[in-house]
Amino acid sequence: MTDMALTDTDTVMDTDTVTDRTHGDKPPKFCPPKMLRLTMVVLVAASVGVIGGWGLAVVPRSDAGHTRNSADVGFLQAMTTHHHQAVLMTQLASPQLEPLVGSLAMSIQTNQLIQVGQMQGWLQLWGDPVQPTESSMSWMGEEVADPGHMHGMADQSELDTLGSAVGRDANVLFLQLMLRHHHGGIDMATAAARIAGTDEVRALASTMVVDETREMEYMASLLDGFGATPLPETHHSPRQHSHPN
Numbered sequence: 001m002t003d004m005a006l007t008d009t010d011t012v013m014d015t016d017t018v019t020d021r022t023h024g025d026k027p028p029k030f031c032p033p034k035m036l037r038l039t040m041v042v043l044v045a046a047s048v049g050v051i052g053g054w055g056l057a058v059v060p061r062s063d064a065g066h067t068r069n070s071a072d073v074g075f076l077q078a079m080t081t082h083h084h085q086a087v088l089m090t091q092l093a094s095p096q097l098e099p100l101v102g103s104l105a106m107s108i109q110t111n112q113l114i115q116v117g118q119m120q121g122w123l124q125l126w127g128d129p130v131q132p133t134e135s136s137m138s139w140m141g142e143e144v145a146d147p148g149h150m151h152g153m154a155d156q157s158e159l160d161t162l163g164s165a166v167g168r169d170a171n172v173l174f175l176q177l178m179l180r181h182h183h184g185g186i187d188m189a190t191a192a193a194r195i196a197g198t199d200e201v202r203a204l205a206s207t208m209v210v211d212e213t214r215e216m217e218y219m220a221s222l223l224d225g226f227g228a229t230p231l232p233e234t235h236h237s238p239r240q241h242s243h244p245n
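Just so you know, UniProt numbering puts 180 at position 180 of the sequence shown, and the rest follows in order with no gaps.
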């Protein structure tokens with residue numbers, strides 16, 4: 001078994017990037033990775049997905065620790081849709097973002113495109129559809145027929161507002177929507193880290209929890225620098241989930 005694919009999802013944020021707000025009014029310095037051209041990111045994502053999927057495909061299915069279940073498939077399908085919206089939000093807001101926020105947006109876009117390629121590669125090699133064929137959250141024991149109602153997702157009116165916002169408003173709304181989006185993603189990844197059947201999917205979900213928690217801390221500090229507060233949560237936190245199989 002290989003965990004090669006998971007190394008590319010390592011966090012791009014140093015834990016020192018979040019500083020004590022009592023030391024000054026400026027947002028903390030963020031150290032972004034090299035700016036990658038979007039076409040290169042897509043190519044890397046695709047290659048990572050194939051490698052990661054191949055690693056799962058060769059795992060013996062007699063090993064109970066590596067047998068995929070509906071949580072593995074459902075999580076990968078749902079999180080692919082979830083990540084696509086995060087990437088869309090970075091693209092809608094990017095022309096208006098200040099350097100610190102823009103660097104964060106590029107980091108989020110890069111990481112999530114790589115993870116999308118990885119997740120789609122696993123689904124394709126398993127012979128499962130990339131899009132869910134039933135309730136997008138049934139793998140968590142929840143019934144959400146509309147993927148737009150997954151935890152933390154922005155609705156169309158919020159996306160439209162983000163796309164037309166300028167200046168400070170665009171920066172604040174981007175941070176608010178992405179904070180809420182990450183919170184929902186962490187809900188989903190936390191459940192998958194517990195109930196997914198394969199070690200690899202559980203590990204990827206755990207990595208998402210760590211990375212997105214750090215990004216949320218940084219976004220909160222940036223939002224505070226704009227004198228703004230997070231949006232109220234619109235989706236409940238998941239209850240203790242039982243395996244839906």
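Every residue gets a Cβ at the ideal spot worked out from N, C-alpha and C, and that includes glycine.
Cβ-Cβ distance between His83 and Gln112 below 7 Å: yes
Out of Pro232, Val130, Gly152, state which residue places its alpha-carbon closest to the alpha-carbon of Val116. Val130
Applying the criterion that 16 or more other CB atoms from any shown protein chain within 10 Å of the CB defines a buried residue, is Arg68 buried or exposed? buried
One question on the structure: do Trp139 and Ser70 come within less than 7 Å of each other, judged by their Cβ atoms? yes
Limits of the unbroken alpha helix (DSSP H) element including Gln120: 99-126
Would you grab the beta carbon distance between Met89 and Met119 for me? Rounded to a whole angstrom, and I think it's under 8 Å. The Cβ separation is near 19 Å, so there is no contact.
Closest to Val172 by CA distance: which of Leu104, Gly227, Ala191 is it? Gly227
State the start and end residues of the unbroken alpha helix (DSSP H) segment that holds Asn69. Unbroken run through Asn69: none, as it is neither H nor E.
Could you tell me the distance, in whole angstroms, from the CA atom of Pro132 to the CA atom of Gly167? 37 Å
Tell me whether Glu143 is buried or exposed, calling it buried when 16 or more other Cβ atoms sit within 10 Å of its Cβ. exposed
Nearest to Glu215 (by Cα), restricted to the options Ala192, Ala193, Pro95, His182: His182
Outcome for Asp187 when other beta-carbon atoms lying within 10 angstroms are tallied against a minimum of 16: buried
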